[in-house]
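Structure first, then comments.
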Amino acid sequence: MSYVNPDPDPERTPGLEPGGGVPPGETPPAESSMPEAAPHEPDYRSRGWAKAPLTLILLLVLVVAAGFLAYALALIF
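Residues in the sequence shown are numbered from 1 upward in steps of one, following the UniProt record's numbering.
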């Protein structure tokens, strides 16, 4: 396995001025030099349960309860 130097060779690196500096416009601006505010992100939090799912769950609970009641009555009579 050969060793690769992680530092770039200054003679072959594009965009460097003599002495190793970088000319203006070659790099993106820093965060503090951008005056715009960050874009607003919408609120994705849950707003609660909808009526239809709650109704279906309630109906399912009632059907299961009625089944248990019918089974209990069938055992008694």
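Cβ coordinates follow ideal geometry from the N, Cα and C atoms, glycine included.
Query	Result
Have a look at L60 and P42 and give me their C-alpha separation to the nearest angstrom.	35 Å
Using 8 Å for Cβ pairs, my map puts P23 next to E17. What's the rounded Cβ distance?	6 Å
DSSP on Y3, reduced to helix/strand/coil?	coil
Straight-line CA distance for P53 to G67?	21 Å
Is it true that the CB of G15 sits closer than 7 Å to the CB of E26?	yes
How long is the line joining the alpha carbons of P6 and A50, rounded to whole angstroms?	56 Å
Between the alpha carbons of Y71 and T55, how many angstroms are there, rounded?	24 Å
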